[in-house]
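Chemist:
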Ligand code: PEP
Ligand code: MN
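Numbering (my numbering), first residue to last: 1 to 236.
Next comes the structure, spelled out in structure tokens:
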């Protein structure tokens, strides 16, 4: 994490994300390092002055995760875990809410309401691909969801082409498409040795690939007249 954080920080990443509690499809897959992982993540964030975001999978863990993380992620598999949404809604931490793999845009927005209605107004939505019949990509990247959400909601929305496509070769064009469609940010998985990654190695970009993409995203943002904000106020 320290090695990777140094590289992505140099490339201009302004949030660092890593999973300590992993909601894996199989109960036999690596489940994350738990609190030990949270402590490491905090150390990395402090060392590189990058706020950290990590997933919380259980309402009983919200308080613990909020002690270490600057932002709480609710993953696709938990998008409609209403007890979890209510609990993160009571937290003071901003929330990254990922679209469920079979969720409609309306479902996503209603889940955001669960958080907002508890008094937590800092919610960032994330389009991360939905299930489709085509196995050529891991999920179907619904880029239209970005402007569609923006017609309905004031909430920021980012795209996650890593989980949406599952293919490093498709991540850069889909990240650019997301930005061009109006996304407020991108969520990209990076590993300097994907073969040994505990999770999602095959979809990780190498630090050099991430660096190249970050440069292209900056150029596109300039072309689109977008300002690259250092950080939202709540995280600064
Ligand atoms: C993740 O962000 O690593 C993750 C598990 O994503 P999702 O919840 O979108 O599958
Ligand atoms: Mn992942």
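For each residue, glycine too, the CB sits at the ideal point set by N, CA and C. What you are looking at is a predicted structure, and each value in this text was computed from that prediction instead of being measured.
With a floor of 4 residues, list each alpha helix (DSSP H) that falls wholly inside the segment 32-102, ordered by position along the chain.
Modeler: List check, alpha helix (DSSP H) in window: 35-48, 62-68 and 82-90.
Chemist: Residues near the ligand PEP, CB to any non-hydrogen atom under 5 Å, in chain order?
Modeler: Here the residues come out as 75, 76, 98, 128 and 163.
Chemist: Is residue 211 near the ligand MN, going by C-beta to nearest heavy atom under 6 Å?
Modeler: Checking the Cβ of residue 211 against the ligand MN gives no.
Chemist: Mind checking whether residue 30 and residue 218 have CB atoms under 7 Å apart?
Modeler: No, they are not a contact pair.
Chemist: Do you know offhand how far residue 33's Cα is from residue 189's?
Modeler: Those two C-alpha atoms are separated by around 18 Å.
Chemist: Using a Cβ-Cβ cutoff of less than 6 Å, which residues in the same chain neighbour residue 211 once the five nearest sequence positions on both sides are dropped?
Modeler: If we look at residue 211 and ignore the five residues flanking it on each side, its Cβ neighbours are 11.
Chemist: Using DSSP's beta-bridge definition, name the partner residues of residue 140.
Modeler: Paired residue(s): 130.
Chemist: State yes or no: is the C-beta of residue 200 nearer than 6 Å to some heavy atom of the ligand MN?
Modeler: Checking the Cβ of residue 200 against the ligand MN gives yes.
Chemist: With C-beta atoms as the reference, is residue 15 less than 7 Å away from residue 53?
Modeler: In contact: residue 15 and residue 53 (Cβ atoms closer than 7 Å).
Chemist: Let me know the alpha helix (DSSP H) ranges lying completely inside the segment 183-224, each 4 residues or longer, listed in chain order.
Modeler: The qualifying runs are 207-223.
Chemist: Indicate the three-state DSSP secondary structure (helix, strand or coil) for residue 228 in the structure shown.
Modeler: Note: residue 228 maps to coil in three-state DSSP.
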